[in-house]
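Worksheet for the structure shown next.
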Amino acid sequence: MTGKALLEVIRLSTTFRNGNGGLHVLDGLDFSVAEYQFVALLGPSGSGKSTLLRTLAGLLPPSRGRVVFKGQRVDGPPRGVGYVFQNANLMPWRTVEENITLPLELAGAANGAAAAKSREMVELVGLQGFEEALPRDLSGGMAQRVAIARALAHDPDLLLMDEPFGALDAITRERMGLELLRIWEARRKTVLMVTHDIAEALMLADRALVFSERPARVSMELTVDLPRPRLDELRYTPEFAALSRRLRDAIR
Amino acid sequence: MHGVSCPGLLRGSFVSRMAMNKDLMTNFPLSARRGRALAPGAFALALGVFLWYALIWLGGVQPFILPAPHQVWGRFLRALADGSLAGHSWVTLQEVLAGLALGAAAAMLFGYALAKSTVLEKFLAPYVVASQAVPTVAIAPLLVIWFGPGLASKVLVCALIVFFPILINTVVGVRSVPEDLRDLMRSLHASRAQTFRLLELPAALPVLLGGFRIGATLAVIGAVVGEFVGADRGLGYLLSVARGQYDVALVFVAVFTLIAMALSLYGLVALAERATLGWQRQAEQSRMTFNPTEKN
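Just so you know, the sequences run in chain order A and B. When you line the first sequence up against this note's numbering, it's residues -14 to 237, in that order. When you line the second sequence up against this note's numbering, it's residues 83 to 378, in that order.
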C-alpha cells in the first residue's frame, strides 16, 4: 500500500435489530484506504455494502469496532466527506446550480464564492447550459453528474459513492465511468465506490475489495495494476480479462 | 313566465359571476388545460341556469319557494346597494381568515412535532382522532356559550374545523421527506433550522398546500356553522334571517356569496401552489382530480 491511510476500518461489525436475534450485516471488517486511492467495493446484493458506506459517512453508528478518518474516530458525519447516493438524490425544487451549491450554502459560503464554485463544478462535469434546469428535466446520467458535482463542491478529501451509476443503462454507465475517471484525474480524491459491475471496478479502481455474503467480510482484495490513464481500449486486453475473471470467481 | 328575457340575464347574473370563479378555479392550477377547460365550464353553467328556469316554468314553482335567477340577481343588487351584503360578508371573511390562520398555525406546529416524534404521536394520536370524531356542529354551541356571540367563538369554530386536515397533511408532508435527502443534509452538517428551511419545508409544501385547499373551504363552513348557532352579523346570520322572513332570494344571495368566498380562498391557495410548486407540475395536475369544492 502506498501513501498514508486516510481511512481505517477496524474490526467493524454492524447488527440491525429485527426481532429475531438481529440481522448481522457486517462481520469484523478490517481494511484501510490510502490517500488518493480509488477503491472499488464489490459483493453480492444485500451483502451490506451500502451499510458500510453509511457507517463510513457517520450516518450509522457501528455495533462494534470503529472507523478512523484522518486520524480521528468517526462519531457522526465527519467533515471532508462527499457522498454520492444510489439515485442522484437531488432536491427537485432546486435548479442544477442550486443543487450543486447546497453544501456551500449550508456551510455559510458567500454567494459570490458559491457562484464561482458552481461554474467550476458545472464545467468539470460538463453541464454547461443546464445551470438553471430543474432535476425533472435531466436524464439519469445528467442527474448523476449533478450529484457528483455536489459531492465535490465543498472539496472533500474522501468521496463515498454508493453504486452511483447503478440506475443507468449500460452505455450511459460506461460513459459515466470514463467521465468519473477524468474528473478523478483532474482533482485527485480518495474514492470508495460501491459497484456491481466488475468492468467498472477494473476501469476505475486501484484496488478492489470483494465482500462475502452477509454477514460481510472482505473475502478478497485485488490490486488493479492496470496502467493509467485508462482508456476504453483497456477493456479488450488480456490483462483486463484475467483480472475480470478473478473478480468474477471471487464474487459468489 | 319570464322566458323571453332569459338569455340576456345570463350575462350579469350570479351564475356568470360564478362562471368567473369557476374558471378561476380550474385555470390556476391547470395552465396547460386553460383553453379547453373554459368552454365546457361555461356550457355547464348555461345549462344549469336553463334547468333552473325550466324547473320554474314547467314545475310552476312559486318564487317564495324557488326564485328565478333574475330575481336572485335583483335581490343581490338591493343587498349590495343597502350595504348589508358587504357588511355581513366582511364579518364572515374576517372570521374565516382569522380562523384559518389560527387553526393552520396550531395544526402546523402540532403536525411538525407529531411528525418528528413517534412518542408524541402515540401519546396524542387518540386525542387527535377523538377530536375529529366530535362533530364541530355539536361543539359550536359550547364555544358560543364560552366565548360569546362575537368574533371569537366563530374564529374558534373555523380554527377547529381546519385544524385536522392541515394537521394530517403536515404530518404526511413532513414524513414524506425522502430519507436519502435527510442523510444528505446530515452528512453536510445541516443545522436543524437549515434542514427545516431547505429540506422539510419545500419537500412538505405540496402536501401541506393540499391541506390548505381543503382547509380554506372548510373554514367558510365553520364560520357559517358558528353564525347559525349564535350571531348578530355575518353571512350565516343573514341566511338564517332571510330564511325566517321567507326571503328565499336573499338566502340564495347569501349562499352564492359564501360559495364565491370559498372559491376565492381556494383560488388563492391554488395561486400560492402555482407560485411555489412549479418544480412539480405533474403532481399538481393529479391532485386536481380530487377537488373538494366541487361538492359545494
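For each residue, glycine too, the CB sits at the ideal point set by N, CA and C.
Local Cβ density within 10 Å of residue i, reported as buried at 16 or more and exposed below that
| i | result |
| --- | --- |
| S103(A) | buried |
| D210(A) | exposed |
| L340(B) | buried |
| K204(B) | exposed |
| E82(A) | buried |
| S129(B) | Checking the sequence, you will find Leu at residue 129(B) rather than Ser. L129(B) is exposed by the Cβ-count criterion. |
| S199(B) | exposed |
| L109(A) | buried |
| E218(A) | exposed |
| E282(B) | buried |
| G141(B) | exposed |
| G97(A) | exposed |
| T208(A) | exposed |
| D147(A) | buried |
| W228(B) | exposed |
| V131(B) | buried |
| T222(A) | exposed |
| A168(B) | exposed |
| V(-6)(A) | buried |
| Q22(A) | buried |
| F225(A) | buried |
| G181(B) | buried |
| R(-4)(A) | exposed |
| G4(A) | exposed |
| W139(B) | exposed |
| F125(B) | exposed |
| I147(B) | exposed |
Cβ-Cβ separation, residue j to residue i (assumed contact under 8 angstroms), whole Å
| i | j | result |
| --- | --- | --- |
| P260(B) | L359(B) | The pair is not a contact, with the Cβ atoms about 17 angstroms apart (cut-off 8 angstroms). |
| V69(A) | R192(A) | Actually they do not touch by this definition, with Cβ atoms about 19 angstroms apart. |
| R264(B) | A197(B) | About 12 angstroms; that fails the 8 angstroms criterion. |
| A95(A) | Q129(A) | Actually they are not in contact, since the Cβ atoms of A95(A) and Q129(A) sit about 28 angstroms apart, beyond 8 angstroms. |
| V131(A) | L75(A) | 6 angstroms |
| A201(A) | S32(A) | 5 angstroms |
| L137(A) | M127(A) | With a Cβ gap of about 16 angstroms, L137(A) and M127(A) do not count as contacting. |
| P77(A) | R268(B) | About 19 angstroms separates the two Cβ atoms, so there is no contact after all. |
| S229(A) | I183(A) | 5 angstroms |
| V237(B) | E177(B) | 6 angstroms |
7 angstroms Cβ shell around residue i - same chain, five flanking residues per side excluded
| i | result |
| --- | --- |
| V254(B) | V289 |
| L8(A) | T0, F1 |
| V18(A) | A(-10), L(-9), L(-8), V24, T175, L177 |
| Y194(B) | T252, V256 |
| S(-2)(A) | L11, D12, G13, P47, S48, R49, G50 |
| D26(B) | The question about residue 26(B) has no answer, for chain B in this structure spans 83 to 378. |
| V173(B) | R315, G316 |
| F245(B) | G185, A188, A189 |
| G94(B) | Model confidence at G94(B) stands at a pLDDT of 36, short of 50, so the residue's coordinates are unreliable; what they give is reported in the following sentence. Excluding residues within five positions, the ones whose Cβ falls inside 7 angstroms are W155. |
| F110(B) | Note on F110(B): pLDDT 44, under 50, position unreliable in the model; no value is reported. |
| P284(B) | none |
| M161(A) | G126, Q129, F150, L153 |
| A235(A) | V195, S204, M205 |
Proximal chain A residues relative to residue i, where beta-carbon distance stays under 8 angstroms
| i | result |
| --- | --- |
| S269(B) | A42, G43, L44, P62, V66, Y68 |
| A272(B) | L91 |
| L291(B) | Near L291(B) there are no residues of chain A at all, since even the closest Cβ is about 13 angstroms away, more than 8 angstroms. |
| P231(B) | None at all; the shortest Cβ gap to chain A is about 45 angstroms. |
| L242(B) | Ordered by position in chain A, no residue passes the 8 angstroms Cβ test against L242(B), which lies about 32 angstroms from the chain. |
Chain-ordered chain A contacts of residue i [CB-CB under 7 angstroms]
| i | result |
| --- | --- |
| G263(B) | Going by the sequence as given, residue 263(B) is Leu instead of Gly. Correct list: N74, M76. |
| L353(B) | Ordered by position in chain A, no residue passes the 7 angstroms Cβ test against L353(B), which lies about 18 angstroms from the chain. |
Own chain residues within Cβ distance below 8 angstroms of residue i, not counting five before or after
| i | result |
| --- | --- |
| A65(A) | It is worth fixing the name first, because residue 65(A) is Gly in this sequence and not Ala. Contacts found: F54, K55, P141, D142, L143. |
| G312(B) | P223, V226, P231, S235 |
| H139(A) | G67, P88, L89, A92 |
| E164(A) | V110, G111, R130 |
Chain-ordered chain B contacts of residue i [CB-CB under 8 angstroms]
| i | result |
| --- | --- |
| P88(A) | L270 |
Residue i: contacting residues in chain B (beta-carbon distance under 9 angstroms)
| i | result |
| --- | --- |
| T130(A) | First, the amino acid is wrong: residue 130(A) is Arg here, not Thr. Within 9 angstroms Cβ-Cβ: nothing; R130(A) doesn't reach chain B, min ~16 angstroms. |
Chain-ordered neighbours of residue i on chain A, where CB pairs are closer than 9 angstroms
| i | result |
| --- | --- |
| L206(B) | Neighbours of L206(B) on chain A: none; closest Cβ ~26 angstroms, over 9 angstroms. |
| W276(B) | According to the sequence shown, residue 276(B) is Gln rather than Trp. Chain A residues near Q276(B): E90, L91. |
Residues near residue i by beta carbon distance below 6 angstroms, same chain, minus five either side
| i | result |
| --- | --- |
| A134(A) | I85, M106, V110 |
| F334(B) | V154 |
| L320(B) | H170, A336 |
Chain-ordered neighbours of residue i on chain E, where CB pairs are closer than 8 angstroms
| i | result |
| --- | --- |
| L196(B) | The structure shown contains no chain E; its protein chains are A and B. |
Item checked: Whole runs of the beta strand (DSSP E) within the stretch 59 to 90 of chain A, excluding any shorter than 3 residues -> 66 to 69
Check: At what residue ranges does the stretch 170 to 222 of chain B contain a whole run of the alpha helix (DSSP H), taking only runs of 4 or more?
Finding: 200 to 215
Checklist line | Contained beta strand (DSSP E) runs [length at least 3] in the stretch 80 to 163 of chain A, N- to C-terminal order | finding: 143 to 147
Margin query: Which complete alpha helix (DSSP H) runs does the stretch 321 to 365 of chain B hold, if anything under 4 residues is left out?
Written below: If we require 4 residues or more, the alpha helix (DSSP H) runs fully inside the stretch 321 to 365 of chain B come out as 330 to 358.
Next item on the list: Would you mind listing the alpha helix (DSSP H) stretches within the stretch 238 to 308 of chain B that are 4+ residues and don't spill past its ends, in chain order?
Entry: Qualifying alpha helix (DSSP H) stretches, in chain order: 261 to 269.
Note to self: My parser needs the beta strand (DSSP E) runs of 3 or more residues fully inside the stretch 169 to 223 of chain A; what are they?
What the structure shows: 175 to 179, 192 to 196, 203 to 208
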